[in-house]
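Chemist: Numbering (the numbering used here), first residue to last: 1272 to 1563. Quick reminder that beta carbons are idealized off the backbone N, C-alpha and C, glycines included.
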Amino acid sequence: MITGTKSFVSCTSISIKSHLPMLDASALNVFSGFCERLPRCAAIRFGFFKSSKKFIISILSKIGHDVAMKNSNSRSIYAWAFYDWANSAYVTTVIAGFFPIFFKEYFSANVDVTVSTAQLGFANSISSLFIVLIAPLLGAIADVGGLKKRFLFLFAYLGILMSAALSLVGEGAWEAAVFVYALGNIGFMGSNIFYDSLLPTVAEEKKVAFVSGLGFALGYLGGGILFSLNVWMLHNPAFFGLDSSIEAVKISFITVALWWMLFSLPLLFFVKEKKPIKDKGTVQIISEGYNR
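1) Cutting at 8 Å between CB atoms, please list the residues of its own chain near Ser1434, excluding the five before and the five after it.
2) With 16 other CB atoms within 10 Å as the buried threshold, where does Lys1546 fall?
3) Hey, out of Arg1346, Leu1432, Ser1499, whose CA is closest to Thr1363's CA?
4) Count the other C-beta atoms from every protein chain shown that fall within 10 angstroms of the C-beta of Leu1492, then say buried if there are 16 or more, exposed otherwise.
5) Alpha carbon to alpha carbon, how far is Ile1405 from Phe1481?
6) Buried or exposed: Phe1534, going by 16 or more other Cβ atoms within 10 Å of its Cβ?
7) Do you know whose CA, among Leu1437, Val1386, Leu1423, lies nearest Phe1369's CA?
8) Under the rule that 16 or more other beta-carbon atoms within 10 Å means buried, what is Asn1381, buried or exposed?
9) Does the segment 1441 to 1460 touch the segment 1384 to 1400, meaning 3 or more C-beta pairs lie closer than 8 Å?
10) Tell me which residue opens and which closes the alpha helix (DSSP H) that Leu1437 is part of.
11) Buried or exposed: Val1415, going by 16 or more other Cβ atoms within 10 Å of its Cβ?
12) In angstroms with no decimal places, state the Cα-to-Cα distance between Phe1401 and Ala1350.
13) What is the C-beta distance between Ser1462 and Leu1497, in whole angstroms, given that I count them as a contact (C-beta under 8 Å)?
14) Smallest Cα separation from Ala1367: which of Ala1519, Phe1487, Leu1391?
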(Lines of atoms letter the chains of each structure in order from A and count residues from 1; the text may use other names and numbers.)
(Lines give C-alpha, C1' and ligand atoms only; values in the text may rest on other atoms or scores of the structure.)
Protein backbone atom coordinates (compact mmCIF):
# COMPACT_ATOMS: atom_id res chain seq x y z
CA MET A 1 0.00 0.00 0.00
CA ILE A 2 2.95 2.35 0.44
CA THR A 3 5.01 1.39 -2.63
CA GLY A 4 5.42 3.53 -5.69
CA THR A 5 5.04 6.86 -3.92
CA LYS A 6 7.88 8.81 -5.52
CA SER A 7 5.91 10.16 -8.45
CA PHE A 8 2.99 11.04 -6.19
CA VAL A 9 5.18 12.88 -3.70
CA SER A 10 6.82 14.88 -6.46
CA CYS A 11 3.39 15.77 -7.83
CA THR A 12 1.90 16.86 -4.51
CA SER A 13 4.93 18.52 -2.95
CA ILE A 14 4.74 21.66 -5.12
CA SER A 15 5.73 24.64 -2.99
CA ILE A 16 3.00 27.01 -1.90
CA LYS A 17 5.49 29.82 -1.37
CA SER A 18 4.73 31.48 -4.70
CA HIS A 19 1.11 31.86 -3.58
CA LEU A 20 1.71 33.19 -0.07
CA PRO A 21 0.92 36.84 -0.93
CA MET A 22 -2.70 35.84 -1.53
CA LEU A 23 -3.14 34.53 2.02
CA ASP A 24 -3.73 36.58 5.11
CA ALA A 25 -1.73 35.90 8.28
CA SER A 26 -4.17 33.43 9.85
CA ALA A 27 -4.66 31.55 6.61
CA LEU A 28 -0.92 31.37 6.13
CA ASN A 29 -0.40 29.83 9.54
CA VAL A 30 -3.06 27.24 8.85
CA PHE A 31 -1.93 26.23 5.40
CA SER A 32 1.82 26.39 5.86
CA GLY A 33 1.33 23.30 8.03
CA PHE A 34 -1.48 21.85 5.96
CA CYS A 35 0.32 21.88 2.63
CA GLU A 36 3.55 20.56 4.11
CA ARG A 37 1.77 17.56 5.64
CA LEU A 38 -0.57 16.74 2.76
CA PRO A 39 2.04 15.16 0.46
CA ARG A 40 3.42 12.87 3.16
CA CYS A 41 0.00 11.68 4.37
CA ALA A 42 -1.46 11.39 0.92
CA ALA A 43 1.56 9.55 -0.41
CA ILE A 44 1.19 6.89 2.25
CA ARG A 45 -2.52 6.50 1.59
CA PHE A 46 -2.34 6.59 -2.22
CA GLY A 47 1.00 5.01 -2.98
CA PHE A 48 -0.92 1.98 -4.13
CA PHE A 49 -1.76 3.66 -7.48
CA LYS A 50 1.50 2.65 -9.10
CA SER A 51 1.46 -0.83 -7.62
CA SER A 52 -2.11 -1.37 -8.83
CA LYS A 53 -1.44 0.04 -12.31
CA LYS A 54 -1.08 -3.37 -13.93
CA PHE A 55 -4.24 -4.60 -12.25
CA ILE A 56 -6.29 -1.63 -13.49
CA ILE A 57 -4.96 -1.99 -17.04
CA SER A 58 -5.65 -5.72 -17.11
CA ILE A 59 -9.24 -5.18 -15.96
CA LEU A 60 -9.98 -2.35 -18.36
CA SER A 61 -8.40 -4.22 -21.27
CA LYS A 62 -11.14 -6.81 -20.95
CA ILE A 63 -13.84 -4.26 -21.66
CA GLY A 64 -13.37 -4.45 -25.43
CA HIS A 65 -13.67 -8.21 -25.35
CA ASP A 66 -16.77 -8.13 -23.21
CA VAL A 67 -18.49 -5.48 -25.32
CA ALA A 68 -17.87 -7.61 -28.40
CA MET A 69 -19.83 -10.43 -26.81
CA LYS A 70 -23.56 -10.52 -27.40
CA ASN A 71 -24.65 -9.62 -23.92
CA SER A 72 -27.78 -7.58 -23.44
CA ASN A 73 -26.68 -6.84 -19.87
CA SER A 74 -23.44 -5.02 -20.78
CA ARG A 75 -24.91 -1.56 -20.29
CA SER A 76 -26.08 -2.33 -16.77
CA ILE A 77 -22.71 -3.90 -15.94
CA TYR A 78 -20.77 -0.77 -16.83
CA ALA A 79 -23.41 1.46 -15.26
CA TRP A 80 -23.02 -0.49 -12.03
CA ALA A 81 -19.23 -0.37 -12.16
CA PHE A 82 -19.19 3.38 -12.77
CA TYR A 83 -20.79 4.00 -9.40
CA ASP A 84 -17.47 2.96 -7.88
CA TRP A 85 -15.82 5.61 -10.05
CA ALA A 86 -18.37 8.07 -8.64
CA ASN A 87 -18.21 7.49 -4.90
CA SER A 88 -14.48 6.72 -4.63
CA ALA A 89 -13.90 10.45 -5.00
CA TYR A 90 -15.30 10.82 -1.49
CA VAL A 91 -12.72 8.36 -0.16
CA THR A 92 -9.71 9.88 -1.88
CA THR A 93 -10.42 13.59 -1.48
CA VAL A 94 -12.50 13.77 1.71
CA ILE A 95 -11.80 10.76 3.95
CA ALA A 96 -8.14 10.10 3.18
CA GLY A 97 -6.79 13.20 1.48
CA PHE A 98 -8.04 16.57 2.66
CA PHE A 99 -10.47 16.34 5.55
CA PRO A 100 -8.26 14.85 8.32
CA ILE A 101 -5.56 17.51 7.91
CA PHE A 102 -7.98 20.33 7.16
CA PHE A 103 -9.98 19.35 10.23
CA LYS A 104 -6.95 19.70 12.51
CA GLU A 105 -5.59 22.85 10.90
CA TYR A 106 -8.80 24.74 10.14
CA PHE A 107 -11.97 23.29 11.65
CA SER A 108 -10.13 22.64 14.95
CA ALA A 109 -7.81 25.64 14.74
CA ASN A 110 -5.91 26.43 17.97
CA VAL A 111 -6.95 23.11 19.50
CA ASP A 112 -4.37 20.67 20.84
CA VAL A 113 -3.58 17.96 18.30
CA THR A 114 -4.55 15.17 20.69
CA VAL A 115 -7.96 16.74 21.19
CA SER A 116 -8.57 17.24 17.48
CA THR A 117 -7.51 13.65 16.83
CA ALA A 118 -10.01 12.47 19.43
CA GLN A 119 -12.74 14.60 17.85
CA LEU A 120 -12.06 13.11 14.41
CA GLY A 121 -11.98 9.60 15.86
CA PHE A 122 -15.31 10.27 17.53
CA ALA A 123 -16.86 11.19 14.18
CA ASN A 124 -15.53 8.04 12.51
CA SER A 125 -16.65 5.82 15.38
CA ILE A 126 -20.19 7.20 15.58
CA SER A 127 -20.79 6.89 11.85
CA SER A 128 -19.40 3.35 11.73
CA LEU A 129 -21.41 2.26 14.79
CA PHE A 130 -24.61 3.64 13.26
CA ILE A 131 -24.08 1.62 10.07
CA VAL A 132 -23.24 -1.53 12.03
CA LEU A 133 -26.49 -1.25 13.98
CA ILE A 134 -28.86 -0.32 11.17
CA ALA A 135 -27.39 -2.06 8.11
CA PRO A 136 -28.69 -5.61 8.82
CA LEU A 137 -32.26 -4.39 9.22
CA LEU A 138 -32.15 -2.08 6.20
CA GLY A 139 -30.55 -4.80 4.09
CA ALA A 140 -33.26 -7.31 5.00
CA ILE A 141 -36.00 -4.76 4.30
CA ALA A 142 -34.44 -3.92 0.93
CA ASP A 143 -34.28 -7.61 -0.01
CA VAL A 144 -37.91 -8.21 0.88
CA GLY A 145 -39.31 -5.12 -0.78
CA GLY A 146 -37.02 -4.77 -3.78
CA LEU A 147 -35.78 -1.44 -2.45
CA LYS A 148 -32.02 -1.73 -2.97
CA LYS A 149 -31.73 1.11 -5.48
CA ARG A 150 -33.93 3.39 -3.41
CA PHE A 151 -31.85 2.85 -0.29
CA LEU A 152 -28.63 3.18 -2.30
CA PHE A 153 -29.59 6.62 -3.57
CA LEU A 154 -31.06 7.68 -0.25
CA PHE A 155 -27.68 7.16 1.37
CA ALA A 156 -25.70 8.32 -1.67
CA TYR A 157 -27.41 11.68 -1.82
CA LEU A 158 -26.99 12.09 1.92
CA GLY A 159 -23.26 11.68 1.36
CA ILE A 160 -23.32 14.02 -1.64
CA LEU A 161 -25.13 16.76 0.26
CA MET A 162 -22.84 16.45 3.27
CA SER A 163 -19.73 16.58 1.10
CA ALA A 164 -20.92 19.85 -0.39
CA ALA A 165 -21.97 21.10 3.07
CA LEU A 166 -18.39 20.77 4.35
CA SER A 167 -17.55 23.78 2.19
CA LEU A 168 -19.90 25.90 4.32
CA VAL A 169 -18.35 25.09 7.70
CA GLY A 170 -16.29 27.96 9.09
CA GLU A 171 -12.92 28.04 10.80
CA GLY A 172 -12.98 26.69 14.35
CA ALA A 173 -16.46 25.18 13.97
CA TRP A 174 -15.31 21.67 14.75
CA GLU A 175 -18.70 20.58 16.10
CA ALA A 176 -20.41 21.35 12.80
CA ALA A 177 -17.54 19.74 10.88
CA VAL A 178 -17.81 16.53 12.92
CA PHE A 179 -21.58 16.40 12.46
CA VAL A 180 -21.47 16.95 8.70
CA TYR A 181 -18.53 14.59 8.21
CA ALA A 182 -20.20 11.81 10.23
CA LEU A 183 -23.38 12.11 8.17
CA GLY A 184 -21.30 12.03 5.00
CA ASN A 185 -19.60 8.83 6.14
CA ILE A 186 -22.97 7.27 6.92
CA GLY A 187 -24.12 8.17 3.42
CA PHE A 188 -21.02 6.70 1.83
CA MET A 189 -20.96 3.46 3.83
CA GLY A 190 -24.72 2.97 3.65
CA SER A 191 -24.83 3.36 -0.12
CA ASN A 192 -22.02 0.83 -0.51
CA ILE A 193 -24.07 -1.83 1.25
CA PHE A 194 -26.83 -1.63 -1.33
CA TYR A 195 -24.41 -1.05 -4.19
CA ASP A 196 -22.70 -4.35 -3.46
CA SER A 197 -26.04 -6.11 -3.09
CA LEU A 198 -26.93 -5.15 -6.68
CA LEU A 199 -23.98 -7.07 -8.14
CA PRO A 200 -25.88 -10.36 -8.57
CA THR A 201 -28.57 -8.38 -10.37
CA VAL A 202 -26.26 -7.15 -13.13
CA ALA A 203 -23.80 -10.03 -13.44
CA GLU A 204 -24.17 -13.73 -14.06
CA GLU A 205 -22.45 -15.94 -11.52
CA LYS A 206 -19.52 -16.68 -13.83
CA LYS A 207 -18.96 -12.95 -14.40
CA VAL A 208 -19.24 -11.74 -10.83
CA ALA A 209 -15.46 -11.71 -10.30
CA PHE A 210 -14.81 -9.70 -13.49
CA VAL A 211 -17.60 -7.18 -12.86
CA SER A 212 -16.55 -6.71 -9.24
CA GLY A 213 -12.95 -6.19 -10.35
CA LEU A 214 -14.06 -3.73 -13.00
CA GLY A 215 -15.83 -1.63 -10.40
CA PHE A 216 -12.81 -1.85 -8.10
CA ALA A 217 -10.48 -0.68 -10.87
CA LEU A 218 -12.72 2.17 -11.97
CA GLY A 219 -12.97 3.28 -8.35
CA TYR A 220 -9.21 3.59 -7.99
CA LEU A 221 -8.96 5.36 -11.34
CA GLY A 222 -11.83 7.81 -10.86
CA GLY A 223 -10.96 8.62 -7.27
CA GLY A 224 -7.32 9.15 -8.21
CA ILE A 225 -8.13 11.45 -11.12
CA LEU A 226 -10.31 13.81 -9.10
CA PHE A 227 -7.90 13.78 -6.18
CA SER A 228 -5.03 14.75 -8.49
CA LEU A 229 -7.07 17.61 -9.91
CA ASN A 230 -7.94 18.81 -6.41
CA VAL A 231 -4.29 18.68 -5.30
CA TRP A 232 -3.39 20.73 -8.37
CA MET A 233 -6.09 23.24 -7.44
CA LEU A 234 -4.83 23.36 -3.84
CA HIS A 235 -1.32 24.30 -4.93
CA ASN A 236 -2.39 26.62 -7.77
CA PRO A 237 -5.55 28.39 -6.58
CA ALA A 238 -4.91 31.48 -8.70
CA PHE A 239 -4.92 29.38 -11.86
CA PHE A 240 -8.49 28.35 -11.03
CA GLY A 241 -9.55 31.89 -10.17
CA LEU A 242 -9.53 31.28 -6.40
CA ASP A 243 -8.26 33.63 -3.72
CA SER A 244 -6.54 31.14 -1.42
CA SER A 245 -5.73 27.53 -0.74
CA ILE A 246 -8.43 27.45 1.93
CA GLU A 247 -10.98 28.28 -0.73
CA ALA A 248 -9.45 25.59 -2.94
CA VAL A 249 -10.01 22.91 -0.30
CA LYS A 250 -13.62 23.98 0.17
CA ILE A 251 -14.19 23.91 -3.59
CA SER A 252 -12.65 20.43 -3.60
CA PHE A 253 -15.43 19.24 -1.29
CA ILE A 254 -17.95 20.59 -3.79
CA THR A 255 -16.21 18.86 -6.71
CA VAL A 256 -16.57 15.56 -4.86
CA ALA A 257 -20.32 16.12 -4.51
CA LEU A 258 -20.72 16.97 -8.19
CA TRP A 259 -18.52 14.06 -9.32
CA TRP A 260 -20.38 11.59 -7.11
CA MET A 261 -23.78 12.83 -8.25
CA LEU A 262 -22.95 12.95 -11.97
CA PHE A 263 -21.34 9.53 -12.27
CA SER A 264 -24.00 7.79 -10.18
CA LEU A 265 -26.62 8.60 -12.83
CA PRO A 266 -25.78 5.62 -15.10
CA LEU A 267 -26.64 3.24 -12.26
CA LEU A 268 -29.87 5.13 -11.60
CA PHE A 269 -31.02 4.92 -15.22
CA PHE A 270 -29.60 1.64 -16.53
CA VAL A 271 -29.48 -0.84 -13.64
CA LYS A 272 -32.83 -2.56 -13.24
CA GLU A 273 -33.56 -4.10 -9.89
CA LYS A 274 -35.58 -7.29 -9.74
CA LYS A 275 -38.97 -6.60 -8.23
CA PRO A 276 -40.48 -8.86 -5.55
CA ILE A 277 -42.88 -11.54 -6.72
CA LYS A 278 -45.83 -9.78 -5.12
CA ASP A 279 -46.37 -6.27 -3.88
CA LYS A 280 -46.23 -5.83 -0.14
CA GLY A 281 -47.28 -3.05 2.14
CA THR A 282 -44.81 -0.98 4.11
CA VAL A 283 -45.68 -2.60 7.43
CA GLN A 284 -45.32 -6.09 5.97
CA ILE A 285 -41.96 -5.24 4.39
CA ILE A 286 -40.59 -3.87 7.67
CA SER A 287 -41.98 -6.81 9.63
CA GLU A 288 -40.47 -9.43 7.33
CA GLY A 289 -37.18 -7.58 7.16
CA TYR A 290 -37.02 -7.36 10.96
CA ASN A 291 -37.77 -11.08 11.37
CA ARG A 292 -35.00 -12.19 8.99
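Modeler: In brief:
1) Tyr1361, Val1365, Gly1455, Phe1524, Ile1525, Val1527, Ala1528, Trp1531
2) exposed
3) Ser1499
4) buried
5) 30 Å
6) buried
7) Leu1437
8) Its Cβ having fewer than 16 others within 10 Å, Asn1381 is exposed.
9) yes
10) Counting along the chain, Leu1437 sits inside no alpha helix (DSSP H), nor does DSSP assign it H or E at all.
11) buried
12) 29 Å
13) About 17 Å; that fails the 8 Å criterion.
14) Leu1391
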